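As structure tokens, the structure follows; a few thoughts come after it.
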Amino acid sequence: MASVQNQSSKDKLIIFDTTLRDGEQSPGVTLNADDKIQLARALSRLGVDVLEAGFPVASPGDFNAVQRIAREVGPLMEGRDKIGKPMVIAGLARAVEKDIRTAYDAVKDAPLKRIHIFLATSDIHLKFKLKISREQCVARAIEFVRLGRSLCEDIEFSPEDAGRSDPDFLCEVLAAVIEAGATTLNIPDTVGYNTPSEYGARIKYLIDNTAGSEKAIWSTHCHNDLGLATANTLAGITNGARQVEVTINGIGERAGNTALEEVVMNIHTHPNTYPVHHTINTVHFARVSQMVADLSGMPVQPNKAIVGKNAFLHESGIHQDGVLKNKETYEIIRPEDVGVVTNNLVLGKHSGRNAFRSRLTDLGYTDIDQDLLQSAFDEFKRLADQKQQITDSDIIALVSDQMNVAASTHTYLELENMQVMTNSSPATPSTATVVIKHTQSGETLTAAATSTTGPIEAIFSAIQRAIKINCKLELFELKAVSGELDALGKVVVRISQAPMPGETADNFVLGSKPVYQGLGTDTDILQSSAKAYLAAVNRLITESQREDLARAPENKRSVGI
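Numbering (UniProt numbering), first residue to last: 1 to 561.
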């Protein structure tokens with residue numbers, strides 16, 4: 001199995017991942033610093049070349065997350081033996097001095113770093129958004145690329161809305177920023193407007209007609225508004241682009257970005273079609289995809305290419321017969337090449353730790369530390385007492401849950417006990433009683449609540465009463481991990497803090513408070529709901545304490561915002 005392509009006769013394709021920046025701009029997605037660290041580590045092991053860690057000037061939280069990634073993940077070499085160097089850590093900046101200096105301050109501790117500067121170039125953006133002329137646009141681009149280059153040797157420039165910009169004006173701007181020191185030129189189809197033939201022709205025209213084009217690496221950045229992001233990106237590669245800007249699962253604003261896994265597996269499957277090779281370790285795709293789905297709260301649609309649940313399932317009798325005789329009749333990609341294991345060795349309550357560890361290795365979890373392995377094994381044994389057979393989907397859900405708990409938050413509150421009574425009559429309210437342990441003080445918190453809308457609302461109301469934190473439920477999502485009657489139920493909850501009764505609502509204006517996400521799994525969906533809600537509350541408490549520390553005088557830091 002060749003999970004990493006290495007064809008020295010072809011150009012190396014640079015994979016620029018923007019899941020943590022453009023991907024996080026998906027409506028409703030909020031990743032905290034710990035989430036981003038966890039994902040950054042996974043993307044490094046995947047083999048990503050450049051990681052756009054965030055938009056540092058956007059908020060103190062984003063600055064701190066990018067800075068932590070630069071310091072903690074930037075130097076890592078684990079799993080990068082095929083590449084031989086750590087990831088480049090990039091920070092996004094507008095063509096504004098404060099943005100550029102703040103981006104540099106955030107990424108400067110990474111061994112390899114980049115400042116990514118963008119400025120709109122389409123006439124519609126210049127006229128209505130920036131209110132500047134073309135001449136002013138060129139002058140601004142030169143000024144701030146020079147500033148960036150004075151701080152950092154690796155400068156990327158993006159002419160925003162390049163897909164709708166005048167090609168000859170683009171050539172003028174791009175020639176100017178090459179002269180000013182830009183080393184990568186990214187051509188964004190910001191609104192997903194171009195067709196593949198148009199976008200490919202645009203890349204070729206710019207390379208052929210921009211003075212000094214040979215001095216820079218050309219890059220694609222395509223949005224999926226018309227469902228053409230992957231096709232446009234591949235057209236860009238065919239016509240000379242050697243970097244692609246992508247996200248895991250294609251998440252991003254509006255209809256999303258180009259999906260990393262789709263581009264890579266197109267090149268992987270057609271090695272003689274594209275003039276490039278990649279160094280992505282494709283066997284990690286399934287795991288990283290699930291991690292992004294869990295942390296972002298954006299589930300992968302079942303029929304999603306490469307990583308969707310149905311991507312390697314065959315229901316048609318004709319297809320099943322063909323696959324049984326020879327998998328290549330209906331499978332152009334081997335499931336194991338993207339980390340999907342179809343050999344379901346059944347584990348149960350008599351299975352030992354070594355068998356569990358071996359199964360994790362088969363599923364691509366080769367880098368789990370001993371503490372996480374033990375906690376996942378403990379959960380596995382608990383689940384084994386409830387289910388006759390434990391599937392790969394169950395194991396992935398368990399490990400994902402434990403990784404989320406271990407990496408994303410401190411556990412201040414734990415569910416010790418819960419009793420729920422419900423009734424089929426709408427006139428009879430459901431009742432929930434919860435017993436919660438405060439791990440710091442050892443105090444036990446108990447409360448009960450009723451609800452006429454069902455047991456889950458009663459549980460959430462009881463938790464709020466016990467912990468004396470009022471929350472607004474922003475999202476509740478439940479799905480079965482597998483198809484059995486005793487399947488694990490996975491619940492994703494998002495909450496925002498709301499004022500307590502009698503508290504002023506001035507600081508709780510809609511949209512002014514962050515959203516906190518929690519994940520819970522259990523065969524009992526009421527238990528998984530309570531776990532998810534408490535996980536979200538633990539995040540809320542963790543972030544609130546971090547904000548308090550950041551405001552302390554001895555911890556104040558000037559970040560240029």
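C-beta: ideal position from N, C-alpha, C; glycine also.
Predicted, not measured: the structure shown is a model, and the values here were computed from it.
Is the separation between the beta-carbon of residue i and that of residue j shorter than 8 Å?
i, j, result
"residue 12", "residue 277", "yes"
"residue 471", "residue 440", "no"
"residue 216", "residue 185", "yes"
"residue 175", "residue 157", "no"
"residue 252", "residue 25", "yes"
"residue 255", "residue 224", "yes"
"residue 562", "residue 87", "Residue 562 cannot be examined here, being either before or after the span of the chain that is shown, 1 to 561."
"residue 310", "residue 299", "no"
"residue 427", "residue 449", "no"
"residue 213", "residue 164", "no"
"residue 521", "residue 398", "yes"
"residue 238", "residue 274", "yes"
"residue 95", "residue 115", "no"
"residue 74", "residue 109", "yes"
"residue 430", "residue 461", "no"
"residue 517", "residue 30", "yes"
"residue 492", "residue 519", "yes"
With DSSP as the reference, label residue i as helix, strand or coil.
i, result
"residue 20", "coil"
"residue 523", "coil"
"residue 196", "helix"
"residue 10", "coil"
"residue 458", "helix"
"residue 55", "coil"
"residue 440", "coil"
"residue 449", "strand"
"residue 124", "helix"
"residue 471", "strand"
"residue 250", "helix"
"residue 151", "helix"
"residue 531", "helix"
"residue 203", "helix"
"residue 15", "strand"
"residue 544", "helix"
Residue range of the alpha helix (DSSP H) that residue i falls in?
i, result
"residue 381", "370–384"
"residue 420", "No alpha helix (DSSP H) contains residue 420, which is instead part of the beta strand (DSSP E) from 413–421."
"residue 67", "60–68"
"residue 73", "It is not in any alpha helix (DSSP H) - residue 73 carries neither H nor E in the DSSP assignment."
"residue 37", "33–46"
"residue 312", "Premise fails: residue 312 is in no alpha helix (DSSP H) and is neither H nor E."
Would you report the Cα separation of residue i and residue j, rounded to the nearest angstrom?
i, j, result
"residue 133", "residue 207", "24 Å"
"residue 542", "residue 241", "43 Å"
"residue 508", "residue 494", "Reliability of the predicted coordinates at residue 508 is poor, the pLDDT of 36 falling under 50, and no value is obtained from them."
"residue 534", "residue 394", "21 Å"
"residue 456", "residue 464", "13 Å"
"residue 474", "residue 480", "21 Å"
"residue 131", "residue 139", "14 Å"
Buried or exposed: which applies to residue i, given that a residue is buried once 16 or more other Cβ atoms fall within 10 Å of its Cβ?
i, result
"residue 454", "exposed"
"residue 27", "exposed"
"residue 545", "exposed"
"residue 511", "Confidence in residue 511 is poor, its pLDDT being 39 and thus under 50, which makes the residue's placement unreliable; the coordinate value appears in the next sentence. Under this definition residue 511 is an exposed residue."
"residue 566", "One cannot answer for residue 566 here, as it falls past the ends of the chain, which runs 1 to 561."
"residue 371", "exposed"
"residue 418", "buried"
"residue 15", "buried"
What are the boundary residues of the beta strand (DSSP E) that includes residue i?
i, result
"residue 165", "Here residue 165 belongs to no beta strand (DSSP E), and DSSP marks it neither H nor E."
"residue 221", "217–222"
"residue 189", "184–189"
"residue 83", "Premise fails: residue 83 is in no beta strand (DSSP E) and is neither H nor E."
"residue 490", "489–497"
So is the beta-carbon of residue i under 7 Å away from any non-hydrogen atom of the ligand HEM?
i, result
"residue 223", "This structure lacks the ligand HEM, and indeed carries no ligand of any kind."
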